[in-house]
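Asker: Take a look at this one; I'll ask things after.
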Amino acid sequence: MERKDIGAIILAGGRGMRLRPLTGNMPKPMVPILDKPVLQLIVSSLVRAGITRIAVTLGYLPERIISYFGDGSRLGAKISYFTESKPLGTAGALKNAESFINGTFVVMSGDALTDLNVKSMLDFHQSAGGEVTMAVKKVKDPRGMGEVILDGSGKIVRFREKPERYESGLVNTGMYVMEPEVLDMIPPERESDLSRDVFPFMLDKLRAFKTDCYWSDIGTLLSYYRANMDAARKPQMFGLSV
Numbered sequence: 024m025e026r027k028d029i030g031a032i033i034l035a036g037g038r039g040m041r042l043r044p045l046t047g048n049m050p051k052p053m054v055p056i057l058d059k060p061v062l063q064l065i066v067s068s069l070v071r072a073g074i075t076r077i078a079v080t081l082g083y084l085p086e087r088i089i090s091y092f093g094d095g096s097r098l099g100a101k102i103s104y105f106t107e108s109k110p111l112g113t114a115g116a117l118k119n120a121e122s123f124i125n126g127t128f129v130v131m132s133g134d135a136l137t138d139l140n141v142k143s144m145l146d147f148h149q150s151a152g153g154e155v156t157m158a159v160k161k162v163k164d165p166r167g168m169g170e171v172i173l174d175g176s177g178k179i180v181r182f183r184e185k186p187e188r189y190e191s192g193l194v195n196t197g198m199y200v201m202e203p204e205v206l207d208m209i210p211p212e213r214e215s216d217l218s219r220d221v222f223p224f225m226l227d228k229l230r231a232f233k234t235d236c237y238w239s240d241i242g243t244l245l246s247y248y249r250a251n252m253d254a255a256r257k258p259q260m261f262g263l264s265v
């Protein structure tokens with residue numbers, strides 16, 4: 024499949040309870056990094072990578088996102104929307120958007136600030152031969168995150184959710200390249216989670232893409248503040264200007 028035909032799904036249905044009061048009347052992906060919603064930065068990064076077919080999964084206050092982005096043409100994208108009537112989790116949200124998928128696709132989290140090189144991850148995926156490529160990053164303290172354990176050859180052998188003591192220091196960033204076959208493992212219209220219900224049962228088909236990119240989950244007020252400070256210091260990393 025040519026790069027221009029690859030689609031991307033952005034998971035943007037979260038309520039952002041830990042970001043209250045910012046998310047009292049705003050979906051978490053719409054909170055601003057400097058002067059732009061974090062979701063806009065993700066869309067723009069995909070467009071710069073040559074990916075313009077984009078689906079956004081919605082849950083909390085979907086109209087706020089739809090009214091802002093419209094069909095995506097303002098950003099050089101073609102955006103489709105898939106709204107959940109009830110929370111479906113990361114895997115269920117992908118299954119809900121199954122009609123959008125026609126081949127290899129990228130998955131991005133709608134509430135993380137990153138400068139991931141999507142082109143490099145796609146190149147790795149196409150040469151690695153798995154059904155899922157997961158972007159993993161070494162962090163100082165993975166407690167509270169999902170730790171990824173690799174063997175000596177770099178193969179993913181297991182996951183540890185929110186470990187008290189950590190082994191590898193590698194965490195799942197929530198950014199993936201996938202093949203459509205993954206969706207066959209996900210039941211329709213049911214809540215399910217990729218890390219809990221899908222990935223542990225397909226370890227032999229997973230590949231780890233190690234990255235040293237900038238990545239910050241803006242799920243708390245402290246991490247949101249830090250992400251804005253980082254963006255203010257190096258706005259060009261994220262396509263911003265100050």
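Per my numbering, residue 24 is the first one in the sequence shown, and the count goes up by one each step.
A virtual CB, placed ideally from N, CA and C, is assigned to each residue, including glycine.
#1: Would you mind working out which of 205, 124, 158, 92 sits nearest residue 114, comparing C-alpha positions?
#2: Looking only at C-alpha atoms, which of 103, 223, 230, 121 sits nearest to residue 159?
#3: Roughly how many whole angstroms lie between the Cα atoms of residue 239 and residue 136?
#4: Do you know how far the Cα of residue 122 is from the Cα of residue 116?
#5: Could you give the first and the last residue of the continuous alpha helix (DSSP H) run that contains residue 144?
#6: Look at the Cβ atom of residue 33, then the Cβ atom of residue 168, and state whether they are nearer than 7 Å.
#7: Should residue 90 go down as buried or exposed, given a rule of 16 or more other Cβ atoms within 10 Å for buried?
#8: In the region 68-138, which residue ranges form an unbroken alpha helix (DSSP H) of at least 4 residues, counting only runs that do not cross its ends?
#9: First and last residue of the beta strand (DSSP E) that includes residue 199?
#10: Could you pull the start and end residues of the alpha helix (DSSP H) that residue 245 belongs to?
#11: Thinking just about the alpha-carbon of each residue, which of 215, 237, 172 is nearest to the one in residue 254?
#12: What whole-angstrom Cβ distance do residue 209 and residue 118 have, given they're in contact under 8 Å?
#13: Could you give the first and the last residue of the continuous beta strand (DSSP E) run that contains residue 215?
#14: Under three-state DSSP, which class holds residue 43?
#15: Tell me whether residue 204 sits in a helix, a strand or coil according to DSSP, three-state version.
#16: CB residue 95 to CB residue 101, shorter than 7 Å?
#17: Does the beta carbon of residue 93 come closer than 7 Å to any beta carbon on chain B?
#18: Does the distance from the CB of residue 36 to the CB of residue 128 come in under 7 Å?
#19: Indicate whether residue 156 and residue 222 have their beta-carbon atoms separated by less than 7 Å.
#20: Report the rounded CA-to-CA distance for residue 219 versus residue 164, giving the unit in angstroms.
#21: Using a Cβ-Cβ cut-off of 6 Å (strictly less than) and excluding sequence neighbours within five positions of residue 154, which residues of its own chain qualify?
Answerer: On the basis of the supplied data:
#1: The count along the sequence shown starts at 1 and reaches residue 114 at position 91. Looking at the Cα atoms, 205 is the closest of the given residues.
#2: Residue mapping note: residue 159 aligns to position 136 of the sequence shown, counting from 1. Of the residues 103, 223, 230, 121, the one whose Cα lies closest to the Cα of residue 159 is 230.
#3: Working through the sequence shown from its first residue, we reach residue 239 at position 216. Working through the sequence shown from its first residue, we reach residue 136 at position 113. One C-alpha to the other measures close to 5 Å.
#4: Walking along the sequence shown from the start, residue 116 turns up at place 93. Walking along the sequence shown from the start, residue 122 turns up at place 99. Rounded to the nearest angstrom, the two C-alpha atoms are 12 Å apart.
#5: Taking the first residue of the sequence shown as 1, we reach residue 144 at position 121. Per DSSP, residue 144 belongs to the alpha helix (DSSP H) from 141-151.
#6: To locate residue 33, count along the sequence shown from 1; it is residue 10. To locate residue 168, count along the sequence shown from 1; it is residue 145. Result no, Cβ atoms of residue 33 and residue 168 do not sit closer than 7 Å.
#7: What you label residue 90 is simply residue 67 of the sequence shown in a count that begins at 1. Exposed, since its Cβ has fewer than 16 Cβ neighbours within 10 Å.
#8: 85-92, 112-119
#9: As a position in the sequence shown, residue 199 is number 176, starting the count at 1. Here the beta strand (DSSP E) through residue 199 covers 193-201.
#10: If you number the sequence shown from 1, residue 245 lands on position 222. Unbroken alpha helix (DSSP H) run through residue 245: 244-256.
#11: Along the sequence shown, one-based indexing puts residue 254 at 231. Minimum Cα distance to residue 254 is reached at 237.
#12: In the sequence shown, residue 209 corresponds to position 186, counting from 1. In the sequence shown, residue 118 corresponds to position 95, counting from 1. With 8 Å as the limit, residue 209 and residue 118 qualify as a contact, their Cβ atoms being about 4 Å apart.
#13: On the sequence shown, position 192 is the one that residue 215 refers to. It is not in any beta strand (DSSP E) - residue 215 carries neither H nor E in the DSSP assignment.
#14: Taking the sequence shown and counting its residues from 1, one reaches residue 43 at position 20. Note: residue 43 maps to coil in three-state DSSP.
#15: For the purposes of this step, residue 204 is taken as residue 181 along the sequence shown, with counting starting at 1. The answer is helix: DSSP assigns residue 204 an H, G or I state.
#16: The residue labelled residue 95 in the question sits at position 72 within the sequence shown. The residue labelled residue 101 in the question sits at position 78 within the sequence shown. Against a cut-off of 7 Å, the Cβ pair of residue 101 and residue 95 comes out as a contact.
#17: The structure shown contains no chain B; it holds only a single protein chain.
#18: Position 13 of the sequence shown, counted from the first residue, corresponds to residue 36. Position 105 of the sequence shown, counted from the first residue, corresponds to residue 128. Against a cut-off of 7 Å, the Cβ pair of residue 128 and residue 36 comes out as no contact.
#19: Position 133 of the sequence shown holds residue 156. Position 199 of the sequence shown holds residue 222. It is not a contact, given that the beta carbons lie outside the stated cut-off.
#20: Here residue 219 is taken as the residue at index 196 of the sequence shown, counted from 1. Here residue 164 is taken as the residue at index 141 of the sequence shown, counted from 1. The straight-line gap from Cα to Cα measures roughly 21 Å.
#21: Mapped onto the sequence shown, residue 154 falls at position 131. So the qualifying residues of the chain are 202, 204, 205, 228.
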